[in-house]
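First the structure, in the form of structure tokens, and then the observations on it.
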Amino acid sequence: MQIPKHIGIILDGNRRWARNKDLPTFEGHRQGFENLKKITLCAFDKGIEILTVYAFSTENWSRDKKEVAYLMDLFRLLINKEINTLAKQGVKVNFFGRREDFADDIQKSMIKALEKTKDGKKGTLNICLSYGGRDELVRAYKKIFKAGITADQITEDVISQNIDSAGIPDPDMIIRTSGEQRLSGFLTWQSVYSEFYFPQVDWPDFGPADLDKAIEEYNKRQRRFGAN
């Protein structure tokens, strides 16, 4: 069984999960948060080296203010408390997206989290917050032009070196839970040769057995990268 080195997951279905159980939306997000902690460690135990999760998009800011505020509190819990557990487990944490969109205390906590986990060897968890694939490319192009790189000097490698995931291999597989079959701006540049998998299970219910099924499906695919 070949274990993909890098898996990306779109954490979809928290609200649907809550509605199906006649629970508040907030409870769906809370259960999704708890599941993220479980699946992260499970993935690294299985030999996956990099896990990139889509937790909050640039478009999610337009949701109900109470829901956004609750999500911000969950992010605070993650980067102020749970980060200590991840650090002890040897997990390195990165943040992709527009950090400047968040409150000052969250931004400061992100910096501390990066420092606390920088030496982690068990696996790398990339958390996409206020992230959008197109926005990432716009920010990358601005960095390139600001560096004085001319149009004829721009190559795929130059762009790859200026996106949020610079230095990190592209995902071998992308999973979107809840059955929706679109990327919604997740890793737009990096996903060109990723294998896609869309299980009909909401994120709070996505367990280790579901991750095993994803890996089994990955092993059924033939990755030719356009060569044949």
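Numbering-wise, the numbering used here puts 98 at position 112 of the sequence shown, and it's gapless, one number per residue.
Glycine residues also receive a C-beta, built at the ideal position from the N, C-alpha and C atoms.
All values reported here derive from a predicted model rather than from experimental measurement.
Taking residue i and residue j to be in contact with their CB atoms under 8 angstroms, please state how far apart those CB atoms are, rounded to whole angstroms.
{"i": "Ser180", "j": "Gly(-6)", "result": "7 angstroms"}
{"i": "Phe184", "j": "Gln167", "result": "5 angstroms"}
{"i": "Phe82", "j": "Ser177", "result": "At roughly 13 angstroms, the Cβ-Cβ gap does not stay under 8 angstroms, so Phe82 and Ser177 are not in contact."}
{"i": "Ile161", "j": "Ile36", "result": "Not quite, the Cβ-Cβ distance comes to about 13 angstroms (not below 8 angstroms), so this is no contact."}
{"i": "Trp189", "j": "Asn46", "result": "Trp189 to Asn46, Cβ: 14 angstroms. No contact."}
{"i": "Phe12", "j": "Tyr56", "result": "5 angstroms"}
{"i": "Ile140", "j": "Ala126", "result": "No, Ile140 and Ala126 are not in contact; Cβ-Cβ is about 10 angstroms, not under 8 angstroms."}
{"i": "Gly119", "j": "Leu173", "result": "6 angstroms"}
{"i": "Thr38", "j": "Pro157", "result": "6 angstroms"}
{"i": "Lys67", "j": "Thr110", "result": "Going by Cβ atoms, the distance from Lys67 to Thr110 rounds to 20 angstroms, so no, they are not a contact pair."}
{"i": "Pro10", "j": "Tyr204", "result": "The pair is not a contact, with the Cβ atoms about 35 angstroms apart (cut-off 8 angstroms)."}
{"i": "Lys220", "j": "Gly76", "result": "The chain is shown from -13 up to 214; residue 220 falls before or after that span and cannot be answered."}
For residue i, list the residues DSSP reports as bridge partners.
{"i": "Cys114", "result": "Tyr40, Phe82"}
{"i": "His15", "result": "Looking at the DSSP assignment, His15 forms no beta bridge with any residue, so it has no partner."}
{"i": "Gly(-6)", "result": "Thr38, Ile160"}
{"i": "Gly134", "result": "Beta-bridge pairing links Gly134 to no other residue."}
{"i": "Gly109", "result": "Val77"}
Given 6 angstroms as the limit, tell me if residue i has its C-beta closer than that to any heavy atom belonging to the ligand ADP.
{"i": "Phe172", "result": "Ligands displayed in this structure: none; no statement on the ligand ADP is therefore possible."}
Within 10 angstroms of its Cβ, does residue i collect 16 or more other Cβ (buried), or is it exposed?
{"i": "Gly33", "result": "exposed"}
{"i": "Asn70", "result": "exposed"}
{"i": "Arg16", "result": "buried"}
{"i": "Glu86", "result": "exposed"}
{"i": "Ala137", "result": "exposed"}
{"i": "Pro194", "result": "exposed"}
{"i": "Glu142", "result": "exposed"}
{"i": "Gly134", "result": "exposed"}
{"i": "Asn80", "result": "buried"}
{"i": "Asp(-2)", "result": "buried"}
- Task: Kindly confirm or deny that the region 36 to 52 and the region 104 to 118 touch, where touching means at least three C-beta pairs closer than 8 angstroms.
- Result: yes
- Message: Give the list of continuous beta strand (DSSP E) stretches no shorter than 3 residues that lie fully inside the region 137 to 212.
- Response: 159 to 162, 181 to 183
- Query: Is the region 188 to 206 in contact with the region 15 to 31, if contact means three or more CB pairs nearer than 8 angstroms?
  - Reply: yes
- Meets three-Cβ-pair contact criterion under 8 angstroms: the region 128 to 137 and the region 88 to 102: no
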